[in-house]
Structure formats: C-alpha cells, structure tokens
Amino acid sequence: MSGRNMTLILLAVIVLFVVSNAVFVIRETERAVMLQFGEVVNPDIQPGLHWKIPFVNNVRKFDGRVLTVDSQPERFFTQEKKALIVDSYAKFRVADTAKFYTATNGEEARAMSLLSQRINDGLRNQVAVRTIQEVVSGERDQLMDNITDKLNEVALTELGVEIVDVRVKQIDLPPDVSESVYRRMNAEREKEAREHRSLGQELAEGIRAAADREVTVLEANAYRDAELIRGEGDALATAIYAEAFNEDPEFYAFTRSLRAYGEAFQGGGDMLLLQPDSEFFRYLKDPMGGK
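Each residue of the sequence shown is one higher than the last, beginning at 2 in our numbering.
Okay, here's the thing in structure tokens:
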C-alpha cells in the first residue's frame, strides 16, 4: 500500500472521528444541556439531531421522564407528641435542566437524596400540626396536597425539578407504643360497647313495659266489651223467653219439666226422695198437666 493511500485512510479516520464527536442525538425521553469548558451555554436542547464543537462542547443528558424517589421510613411526632413511622415516596421530573445540572451535577442519585431530605422535612412539619386521627384518615389527602405544593416550590427553586405527586405508603406506630395504644383502643371500644348495651337494655325495658301496659289495656277493654255483649245477649234471651212464656205458659212449663226429668235421670245410680204428690211428678202422672 502506497504512502498516498495511507494518508487518505488516515484523513478519513480523522474526519470520521471528528464527525462522530460533533453529532449527537437527543431522544424524546431525554433532557440535555450543552457545556462549553464546563459552563452551560445551551440549557434546553430540544429532541433531535444536533451538532457541537468537538473537544470544546460537552453534552450532558438527563432522563426526562417522571422518576420516583422512595424515601426511607422516618419517625415523626404529631401534635399530641405521639410518634409515627411514616413511609413515603414522590414522583418528579426535571423541569429546569441548567439548575438541575448546577445543583446536582446531573446525578439522579444525588437529586433523589436531596429531594428525599426535603420530603422528610415537609412531612415532619405537616405531621407536627396534626393529630394522629387527622394524619391517618381525617386530613390525609389535604396533608399530601400541602406537601406537594410547598415541596414543589422549594424543589423547583433549588433543584430545578417539578414535584408531580407526594404520597404516603404506610403509617405505623413505633413498636414501643403499639401495645399501649392497642390496649387503650381496646378499653375505649369495650367502654363504648358497654354504653351501647346499657342503652339497648334501657330501651328494651321501656318497650317491654309499654307492650305490657298496652296488653293490659287491650285485655281490659276486650273484657268490658265482652261483658257488655254478654249482658245484652242475656237480656235479649230473657226477653225472648219471657215473650215465649207469655204466649203459651203451659207449653213452657212442660218443656221445663222435660228438661228437668232429663237432667234428673241422666245418671243410672241416682236416687230422688220426693213426696208422691210433688209438683215434680205433675207431667209424669198426667201428660196434660192436671187440666
């Protein structure tokens, strides 16, 4: 191979090397800044194909997607000076590439570490002004919204990142107080159960007393109505008997005697001691009754 060919090949390699160092690509999921001797000269490079001056410009790329920082569980104290173990996480993305590079040197791990500290500080301040009930359930959503708003301002100003969301994964009591809290909650529930049972028994006694009183009143009214109906029936029957007797006194006396005979001789072993001329034998001696 001649010296001329070697020179051409060497020039082609040099040109290829220079071009490869002068061209760079920014993807849609990336954010980047261009540096010139360590100084930011282009803080917001758009996605696409770009050129730079080899050995003069340097490009730092960052992940432009939403990232997650998972903070370590921390112990916070509530308004009642009760300790809680709070486990949280946050979603963020790079918003200001120049500030992000300046504050973290473009290192995501460092950014997450700084952001985790600020999340814990925000949680500590929010939990300190609330009770356990408010932190656990009553104002949990409001607490998250307040932390997100305040942390977003600080993170954007200091770190150049936007806080998308802050959430609490889990809230636990420290092991040293869990048992005492459980016993107190159990005692409160038992007290509440006793109060409910006492109230239920009181209501039950009142209902039973009202029912017994109503039963007594209903029975008395029913007995009164029955006696009135029975009296009216007896009066009507007596009137009918009297009317029938007045129409045919002899027939009435005859039927009364037959009924008396039937009742007297109903038992086979019964004995009657009567005078032979007794009125009882009137229709036995004469079917016409002595007429």
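Here a beta-carbon is modelled for each residue, glycine too, at the ideal position from N, C-alpha and C.
For this session: Check Asp-97 in the structure and name its three-state DSSP category.
Result: coil
Problem set entry | Start-to-end residues for the alpha helix (DSSP H) that takes in Gly-107 | Element bounds for Gly-107: n/a, residue is neither H nor E.
Exercise. Is the stretch 196-213 close to the stretch 129-136, with three or more CB pairs under 8 Å?
Worked result: The answer is no - the stretch 129-136 does not touch the stretch 196-213, with fewer than three Cβ pairs under 8 Å.
Problem set entry | Beta-carbon gap between Val-34 and Arg-94 smaller than 8 Å | Between Val-34 and Arg-94, the gap from beta carbon to beta carbon reaches 8 Å or more.
For this session: Just the C-alpha distance for Phe-78 and Leu-144, rounded to the nearest angstrom, thanks.
Result: 15 Å
Exercise. Taking the C-alpha atoms as reference points, what is the distance between Asp-173 and Ser-89?
Worked result: 12 Å
Exercise. Smallest Cα separation from Asn-43: which of Val-60, Arg-184, Pro-55?
Worked result: Val-60
Exercise. So, is Met-113 buried or exposed, given that buried needs 16 or more other C-beta atoms within 10 angstroms?
Worked result: buried
Exercise. Looking only at its own chain, which residues have a Cβ that is under 8 Å from the Cβ of Asn-58, when we skip the five neighbours before and after it?
Worked result: Met-35, Leu-36, Gln-37, Val-42
Problem set entry | Asn-187 versus Lys-82 - alpha carbon distance | 21 Å
Exercise. Where Tyr-102 and Ala-156 are concerned, what is the direct C-alpha to C-alpha distance, given to the nearest angstrom?
Worked result: 13 Å
For this session: Report, in whole angstroms, the separation of the C-beta atoms of Leu-124 and Val-87, which I expect to be a contact under 8 Å.
Result: 6 Å
For this session: Please go through the same chain and pick out, in chain order, the residues whose beta-carbon is closer than 7 Å to the beta-carbon of Gln-132, but skip the five residues on each side of it.
Result: What sits at residue 132 in the sequence shown is Thr, not Gln. Excluding sequence neighbours, Thr-132 sits near Thr-79, Gln-80, Glu-81.
Exercise. CA-CA distance, Arg-184 and Leu-85?
Worked result: 17 Å
For this session: With a cut-off of 8 Å on the beta carbons, I'd call Ala-23 and Pro-55 a contact; round off their distance for me.
Result: 5 Å
For this session: Pull up the distance between the alpha-carbon of Ala-238 and that of Thr-217, whole angstroms please.
Result: 31 Å
Exercise. So what does Phe-63 bridge to, in DSSP terms?
Worked result: Arg-32
Problem set entry | Simplified DSSP assignment, three categories, for Phe-56 | Secondary structure at Phe-56: coil, using DSSP grouped into helix, strand and coil.
For this session: With a cut-off of 8 Å on the beta carbons, I'd call Glu-29 and Lys-62 a contact; round off their distance for me.
Result: Contact between Glu-29 and Lys-62 fails: their C-beta atoms lie close to 12 Å from each other, not under 8 Å.
For this session: Put Phe-246 into one of helix, strand or coil per three-state DSSP.
Result: It is helical.
Problem set entry | Element boundaries [alpha helix (DSSP H), containing Thr-149] | Start and end: 141-159.
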